[in-house]
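Everything below concerns the one structure shown next.
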Amino acid sequence: MRFSLKGAAFLAAVVLGAGAAQAQDKSLAQQIFEAMAQDPGAKPGYRVAHAKGIVCEGTFVPSASAATLSRAAHFRAGSVPVTVRFSDGSADPFVPDNSHNAGPRGMAVRFTLPGGGLTDIEGQAHNGFAVGTGEEFLALVKAAAATDPSRPHPWPIETFLGAHPRALKFVQGTAVIPASFGTAAYFSNNAFVFVNKDGVKQAGRYQFLPVAARRDLSDDEAKAMSPNFLSQELRTRLANGPVGFRLVVQLANAGDPTNDASLVWPDDRRTIEMGTISVTSVVADSDTAQKALVFFPTALTDGIELSDDPLPALRTSAYALSFARRQQQ
Ligand code: HEM
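Quick note: the sequence shown uses our numbering, first residue 785, plus one each step.
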C-alpha cells in the first residue's frame, strides 16, 4: 500500500502548514474533536466521524477545460492514480447503511501527482454544510451530545436546529439513503481558490457527480436492504466495470460568500468540467488501509489555494487528532 512513511511525512507537512496558517484554531479544533469523540457510537481504533467506509483505487483523467481554471499538475494532462474512500458519516463504525442516522455519505479522493506529491478533495452527499464556522459546529456537536431522548422537549438539539434552519435542512437532507455510493453526488461545500498558468484566480466549490443516474431509496426499499449493502453493492457494481464521477467546479460570482459553507450558491453559477474519476476496484485489505489513511482539506498543490473559508484549516487539525486517536487504539 502507499500509505506508510510517505503518508506520515505528508501528514506532518499538511498539519504543520495548517497550524501555521491558523494557529488560533488549535484549541477550537481540540474542543470539537473531544466533543465528537464523546459520541456514543464512536469506537476505539476508528474515525470519530465517517467511521465506516471502504477504500478503492482508480484513475483521474482531466478534461480539456481543467487547465483553464487551475495550473495544478493533475489538471494539465494525462491520467493520475487516485485513492477513493466512500463512507457513512456516522461516528459508529457498525452503523447499518440503511439507517437514517448513517449519513452524510462521504467521498474522499487522494490524487497522486505526476512528479510526486499528493492532493486531496473531500465531498459530502449534501449541497451546503450544516454551519459556516467552527464555533457553530462545536455548538451543534454539544447540543447533540446533551440530548437525552428520555428528557422532555425541547431537547438541546431541537433548540439548536430551530435556531439554525440550514443545519436543520442538512440533518433532514442527509437522512436520505442512496441506492449506491455510485449513485450519490458529493459536494466539497468549502470554497477554494483556483489559479491558472496566467495567475488568474477564481473561487469555486467542488462537486463529484455520478456518471450513473442519481438515485436514493424509498423508505420501503431501504428497509429491505442489509446493514452493509453499500459496500456489497459497490463490489458488485465494480465487477461490471469502473464507477465514474465527473469532477466539476462551481464558480462563485462576484459577491458570493466563500467564507460560509452553509450558504449554497445559486444553481445558475458557471461550472467547469475538471475531468473524470474512474473507481476501478476495492483495495485488497480495505480495513487496514482505511485505518492508515487520512485525507486533509488543506492538502493542496500549486494551482489550488485556501479561500477565506475558516473550515478547511480547522478540519485538518481535527482530522489529525482523529487520526492520532485511532493509531493509539
Ligand atoms: C467544522 C467542520 C467539520 C469538522 C470539525 C469535521 C470533522 C471530521 C472528522 C474529525 C473526521 C474524521 C477524520 C479522520 O479521522 O480521518 C471527518 C471525516 C470526514 N469529513 Fe468532516 N468535518 C467537518 C466538515 C466537513 C465538511 C464541510 C465536509 C465536506 C466535504 C466533510 C467531509 C468529511 C469526509 C468525506 C470525511 C471522511 C474522510 C475519510 O474518508 O477519511 N467534513 N470530519
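For every residue, glycine included, the Cβ atom is placed at its ideal position computed from N, Cα and C.
Which same chain residues end up closer than 6 Å to residue i when comparing Cβ atoms and leaving out the 5 residues on each side of it in sequence?
i       : result
GLU1120 : A query on residue 1120 cannot be resolved here, the shown segment of the chain reaching from 785 to 1113 and no further.
ALA857  : LEU897, PRO898
ALA1038 : none
ALA912  : Contrary to the premise, residue 912 reads as Gly rather than Ala in this sequence. Excluding residues within five positions, the ones whose Cβ falls inside 6 Å are SER1046, VAL1048.
THR967  : PRO994, ALA996, ARG998, ARG999
ARG1109 : none
LYS926  : ALA819
ASP1040 : TRP1049
MET1009 : ASN882
Shorter than 7 Å, the distance from the beta carbon of residue i to the closest heavy atom of ligand 1, or not?
i       : result
ILE816  : yes
PHE965  : no
GLN1112 : no
GLY842  : no
ALA851  : no
In chain order, what residues of the same chain lie with their CB nearer than 8 Å to the CB of residue i, ignoring the 5 residues before and after it?
i       : result
ALA805  : Any reading at ALA805 must be qualified, since the residue scores a pLDDT of 48, below 50, and its modelled position is unreliable; the value itself is stated next. Answer for ALA805: THR1082, LEU1090, ALA1097, listed in chain order.
THR1060 : PHE844, VAL845, SER847, VAL995, GLY1028, PHE1029, ARG1030, LEU1031
Could you tell me the distance, in whole angstroms, from the CA atom of residue i to the CA atom of residue j?
i       : j       : result
GLY946  : TRP1049 : 23 Å
GLU818  : ASP904  : 24 Å
TRP835  : ASP872  : Per the sequence shown, the amino acid found at residue 835 is Ala instead of Trp. Answer to the nearest angstrom: the Cα atoms are 7 Å apart.
GLU920  : GLY837  : 26 Å
GLN986  : GLU1005 : 42 Å
SER1070 : ALA821  : 23 Å
ALA807  : PRO1011 : Low confidence applies here, because ALA807 scores a pLDDT of 48, under 50, leaving its location unreliable; read the following figure in that light. Rounded to whole angstroms, ALA807 to PRO1011 spans 41 Å at the Cα level.
ASP809  : SER1101 : With a pLDDT of only 47 at ASP809, under 50, the local geometry of the prediction cannot be trusted, and no value is derived from it.
ARG1053 : VAL984  : 18 Å
PRO1026 : GLN991  : 19 Å
ALA744  : TYR1103 : Coverage of the chain is limited to positions 785 through 1113, which leaves residue 744 absent and any answer about it impossible.
LEU1018 : LYS981  : 38 Å
SER1002 : ASP932  : 29 Å
ALA914  : GLU906  : 16 Å
THR1055 : LEU1035 : 6 Å
Between which two residues does the alpha helix (DSSP H) holding residue i run?
i       : result
LYS981  : It is not in any alpha helix (DSSP H) - LYS981 carries neither H nor E in the DSSP assignment.
VAL925  : 918 to 929
ILE1088 : That residue, ILE1088, is in no alpha helix (DSSP H); its beta strand (DSSP E) goes 1088 to 1090.
GLY946  : 940 to 947
SER972  : No alpha helix (DSSP H) holds SER972; DSSP gives it neither H nor E.
Where does the unbroken beta strand (DSSP E) through residue i begin, and where does it stop?
i       : result
ARG894  : 890 to 896
LYS827  : Careful: LYS827 lies outside any beta strand (DSSP E) and carries neither H nor E.
VAL1078 : Here VAL1078 belongs to no beta strand (DSSP E), and DSSP marks it neither H nor E.
ARG855  : It is not in any beta strand (DSSP E) - ARG855 carries neither H nor E in the DSSP assignment.
CB of residue i to nearest heavy atom of ligand 2: below 7 Å?
i      : result
ARG989 : Ligand 2 is absent from the structure shown, which contains only ligand 1.
Which residues in the same chain as residue i place their Cβ atom closer than 7 Å to its Cβ, once the five residues preceding and following it in sequence are excluded?
i       : result
SER788  : Bear in mind that the predicted position of SER788 carries a pLDDT of just 43, short of 50, making it too unreliable to give a figure here.
GLN1074 : GLY837, VAL839, ARG869
At least 3 beta-carbon pairs within less than 8 Å: the segment 1060 to 1069 vs the segment 1021 to 1031: Judged by pairs of C-beta atoms under 8 Å, the segment 1060 to 1069 touches the segment 1021 to 1031, as three or more such pairs exist.
Does the segment 956 to 967 come into contact with the segment 877 to 887, if we say contact requires no fewer than three beta-carbon pairs (one atom in each stretch) closer than 8 Å? The segment 877 to 887 and the segment 956 to 967 touch, with three or more beta-carbon pairs separated by less than 8 Å.
Is the segment 815 to 833 touching the segment 905 to 925, taking contact as three or more C-beta pairs under 8 Å? Yes: at least three Cβ pairs fall under 8 Å.
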